[in-house]
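Working notes, structure below.
Protein chains: 2
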Amino acid sequence: MISKDPAELLAAARTGSRTALARLVTMVESGGPVMRAAAALIYRSEPAYVVGITGPPGAGKSTLTDRLITSGLVRGALGDVTFDQLGILCIDPSSPFTGGAILGDRIRMQEHATNDHVFIRSMATRGNLGGLSLAVPDALRVLGASGFPLAVVETVGVGQMEVDIASAADTTVVVTNPGWGDSMQANKAGLLEVADIFVINKADRAGIRETRRDLESMLDLGGERAWRPPILETTATDGSGTEALWDAIAEHRAHQVTSGDLSTRRRERTRRELAKVLGAQVSARIVDLSHGEDYEAQVNRLLAGESDPYSSAEILLR
Amino acid sequence: MISKDPAELLAAARTGSRTALARLVTMVESGGPVMRAAAALIYRSEPAYVVGITGPPGAGKSTLTDRLITSGLVRGALGDVTFDQLGILCIDPSSPFTGGAILGDRIRMQEHATNDHVFIRSMATRGNLGGLSLAVPDALRVLGASGFPLAVVETVGVGQMEVDIASAADTTVVVTNPGWGDSMQANKAGLLEVADIFVINKADRAGIRETRRDLESMLDLGGERAWRPPILETTATDGSGTEALWDAIAEHRAHQVTSGDLSTRRRERTRRELAKVLGAQVSARIVDLSHGEDYEAQVNRLLAGESDPYSSAEILLR
C-alpha cells in the first residue's frame with residue numbers, strides 16, 4: 011500500500027516511483043492541509059527549469075510537445091542542465107472536468123506511456139481556492155523536488171489565464187500557425203509580451219511568409235530588447251524544426267543565465283506566487299469571517315439602518 | 011457651485027436636486043474615502059423597493075422599462091408603496107467603457123429626460139475593488155435615501171454577473187422572447203432560480219406558445235413553491251401587457267410582505283453584500299501586504315529554498 015505521508019512519497023518519487031509522484035501531484039492539486047505539508051518539502055528543493063508552451067487550440071502543440079520529448083531525451087541536456095527524464099504538465103483551464111485533459115493524455119500516451127523517462131500529467135481544475143494558478147506552480151515544484159531538472163508545461167488556449175500559466179515558465183514558447191491572425195487576435199499584446207520564442211507550426215501550409223512578416227513587425231513595434239524572440243518554423247507532423255527549437259530554448263536559457271534575467275524573472279514569479287497564495291489564504295479567512303455571531307450582529311445592525319457595509323466590514327476585520 | 015460634502019448633497023437630493031443626486035451616485039461609483047462617508051449616510055435610510063429587470067440583449071428590456079415608467083407614474087403606487095418619482099439604473103457589465111451605456115441613456119432620454127419625475131442613470135463600470143456588484147447596491151441606496159420609494163435596475167445580458175445584479179432586487183423580472191431558447195440556454199438554471207416573474211416580450215411574434223410551454227415545464231421541474239413565477243406576455247412596442255406586469259409586480263410584493271419573504275430575502279442580500287464588501291476590503295489589504303520589507307524578506311526566503319509560499323503567507327498574515 012502506498013503511503014500518504016508527503017515525505018515518504020517524495021523519497022519514493024526521487025527513487026523513481028511514478029505512483030508516488032502521481033500521488034504528490036494529486037495532493038497539491040487537491041489542496042488542503044496535506045498539500046501544505048507537501049509544499050513545505052517541495053519548495054525546499056531546487057526548482058526545475060520550466061519551458062512553457064502555449065497557443066490556440068489546434069495549433070499542433072501536443073504533436074510538437076511529443077516531438078520535443080522524443081528529441082529532448084536523445085539530447086539529454088539543455089545547456090548545463092542534464093536530464094534523463096522529462097516531466098510534462100498539460101493544462102486545459104477551459105475544461106472544468108477532466109474530459110479534454112484525459113483525451114489529451116491518451117493521445118500522448120500512445121507514444122510515451124510506456125516510457126520510463128517521461129512523466130505526463132493532465133490538470134484541468136483544482137478543488138481549492140486559487141485554482142490552477144496555484145496548482146500548476148506547486149505541481150512543477152513536485153517535479154523539481156522529485157528529480158526532474160527540466161519540465162514542460164503546455165496550456166491550451168490564448169486567454170489571459172492560459173497565457174499567465176504558460177508564462178510562469180523560464181522560457182515561454184508561443185505556437186502559432188500560418189494565418190494565425192484570427193485565432194490570436196484577441197490577446198495579441200498579451201502573447202507578444204510573454205513570448206520568448208515564437209513557433210510557426212504547420213510551416214508547410216500557405217501563408218507562412220505573411221505570418222512571419224506580421225510577427226516581425228509586431229516585434230519591431232515593441233522596440234529594442236536584450237532578447238528579441240526568434241521566430242521558428244516547425245512541421246510537428248514530420249518533426250522538422252524540432253532540433254532548431256531545442257537550440258533556441260537552450261540559447262534563451264543561456265541568455266537568461268548570462269544576463270541575470272533568470273534570477274530576475276524567478277524573483278518576480280516568486281513575488282506573484284506569494285501574492286496569489288496570500289490572496290487565497292485571505293479568501294479562506296473571509297469565508298470564516300462571513301459566519302457566526304459577530305457577522306450576524308453586523309447584519310442585524312445593517313438591517314436596522316444602524317450601520318453601512320463598509321463600517322461593518324471594518325469592525326469585523328478588527 | 012455644487013458641494014462635495016455627502017451630507018449636503020444628500021440634503022439637496024432630498025429636496026429634488028438632480029445634480030446633487032447624480033453626484034452622489036458618481037461618488038459611490040468611484041469608491042474611495044468620500045464614498046465611505048456617503049455610505050455612512052445612505053445606509054441609514056429606508057431602502058427603496060427594487061424591481062430588477064434582466065434578459066438577453068435585444069429582448070426589448072429598454073422599451074419595456076420605458077413603458078413601465080410611463081404607466082408607473084400614472085399609477086403612483088405599488089401596493090402600499092406610493093411614489094411620485096422613479097429611479098432607474100441601467101447596468102451593462104459587458105461594456106467596460108460607457109459607450110453602450112450612453113447610447114442606452116440617449117434612447118431613453120428622448121422620452122424621459124425632461125421628466126422631473128424620472129431619474130435615469132447608466133452604470134457600466136466602477137474604478138474600484140468590487141466593481142458593479144458593490145456599486146449597484148450603493149447606488150440603489152442613494153436612490154432610497156434621496157426619497158425614491160421605488161427603483162428599477164435593468165441589466166443587459168444573462169451571464170452570471172448580470173443575473174446576480176438583477177437578482178439583488180426585491181422583485182426580479184426575467185424578460186424573454188418567443189424562441190428564447192438559444193439566447194438563454196447558457197444560464198437557464200440561473201435565470202429560473204432568480205425569476206419572480208417571467209415576461210415573454212414581443213408576444214406578437216411566432217413561437218410564443220412553445221416558449222410558454224417550455225417555461226411552464228421548467229417551472230414544473232422546480233417543484234412546489236409558495237410563489238410560482240407567473241408568465242406574462244407583453245408587446246413593449248405598443249405597450250400591451252404593461253399594466254398586467256405592474257399588477258404582477260404588486261402581487262409579488264404583497265406575497266413577499268405577507269409571507270415574510272421580503273425580510274428573509276433582504277437579510278440574505280445584506281449578508282451577501284457585507285461579504286462582498288469584506289472581500290473588497292481584504293483584497294485592498296492584500297495589495298498593501300504585497301509590498302515592503304516583510305514581503306521581500308519572505309520572497310528572499312522562498313528563493314533560497316528556506317520556505318514555501320503557504321508558510322510565508324501565514325507569516326505575513328500574522
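Sequence lines, in order, name chains F and A.
To convert a position in the first sequence, counted from 1, into our numbering, add 10.
To convert a position in the second sequence, counted from 1, into our numbering, add 10.
Every residue gets a Cβ at the ideal spot worked out from N, C-alpha and C, and that includes glycine.
Of the other Cβ atoms in all chains shown, fewer than 16 fall within 10 Å of the Cβ of H301 of chain A; this residue is therefore exposed. Cα atoms of M37 of chain A and M45 of chain A: separation of roughly 5 Å, rounded to the nearest angstrom.
One finds Y320 in chain A with Cβ atoms closer than 7 Å to the Cβ of R46 of chain F, taken in chain order. Annotation: the continuous alpha helix (DSSP H) that includes T280 of chain F extends over 271-299. Using a Cβ-Cβ cut-off of 7 Å, S300 of chain F is close to A285, L288 of chain A, given in chain order.
Exclusion of the five residues before and after L88 of chain F leaves Y59, L160, I259, A260, R263 as the residues of its chain whose Cβ lies within less than 7 Å of its Cβ. A149 of chain A sits away from V287 of chain A, with the two beta carbons spaced by 8 Å or more. In this structure the region 169-179 of chain A does not touch the region 67-75 of chain A; the number of beta carbon pairs closer than 8 Å is below three. The beta carbon of W190 of chain F is closer than 6 Å to those of T221 in its chain, skipping five residues each way along the sequence. For the set A:L153, A:N211, A:I98, the Cα lying nearest the Cα of G26 of chain A is the one of A:L153. Listed along the chain, the chain A residues whose CB falls inside 7 Å of the CB of S177 of chain F amount to none; the nearest CB is some 18 Å away.
Three or more pairs of CB atoms, one per stretch, sit closer than 8 Å, so the region 274-288 of chain A contacts the region 312-323 of chain F. Secondary structure note for T36 of chain F: it is in no beta strand (DSSP E), and the uninterrupted alpha helix (DSSP H) holding it is 28-40.
In the three-state reduction of the DSSP assignment, E261 of chain F falls in the helix class. The beta carbon of S55 of chain F falls within 8 Å of a beta carbon belonging to chain A, placing the residue at that interface. Within its own chain, the residues whose Cβ lies closer than 7 Å to the Cβ of Q308 of chain F, once the five positions on either side in sequence are excluded, are S317, S322, I325, L326, listed in chain order. Note on S40 of chain F: under 16 other CB atoms within 10 angstroms of its CB, so exposed under the neighbour-count rule. Under the 10 Å beta carbon count, R219 of chain F is surrounded by fewer than 16 other beta carbons and is classified as exposed.
The continuous beta strand (DSSP E) containing T182 of chain A extends over residues 181-186. At a Cβ-Cβ threshold of 8 Å, D94 of chain A and H127 of chain A count as neighbours. Annotation for I210 of chain F: no alpha helix (DSSP H) segment contains it, though the beta strand (DSSP E) segment containing it runs 207-210. Under a 10 Å Cβ-count criterion, L19 of chain A is classified as buried, with 16 or more other Cβ atoms of the shown protein chains found around its own Cβ. For the C-beta of G315 of chain F, the chain A residues within less than 8 Å are, from N- to C-terminus, Y53, R54, S55, E56.
By the rule that beta-carbons nearer than 8 Å mark a contact, T280 of chain F touches chain A.
Cβ neighbours of R24 of chain F within its own chain (closer than 7 Å, five residues either side excluded): S156, G157. For A134 of chain F, there is no enclosing beta strand (DSSP E), since its DSSP letter is neither H nor E. Proximity of chain F to Q308 of chain A at the Cβ level (cut-off 8 Å) is accounted for by L284, in chain order.
Out of F:M228, F:A213, F:V183, the CA that lies nearest to the CA of I207 of chain F is found in F:V183. Within a 10 Å sphere around the beta-carbon of R28 of chain F sit fewer than 16 other beta-carbons, which makes this residue exposed.
Against chain F, a Cβ distance below 7 Å from R263 of chain A picks out nothing, because the smallest value is about 18 Å. Interface residue (Cβ-Cβ distance to chain A less than 8 Å): Q291 of chain F is classified as such. With fewer than 16 neighbouring CB atoms inside 10 Å of its own CB, W237 of chain F falls in the exposed class.
The three-state secondary structure of Y53 of chain A, taken from DSSP, is coil. No Cβ of chain F is located within less than 8 Å of the beta carbon of I325 of chain A. A161 of chain F carries a strand assignment under DSSP once its states are collapsed to helix, strand and coil.
K212 of chain F counts as buried, since at least 16 other C-beta atoms from the protein chains shown sit within 10 angstroms of its C-beta.
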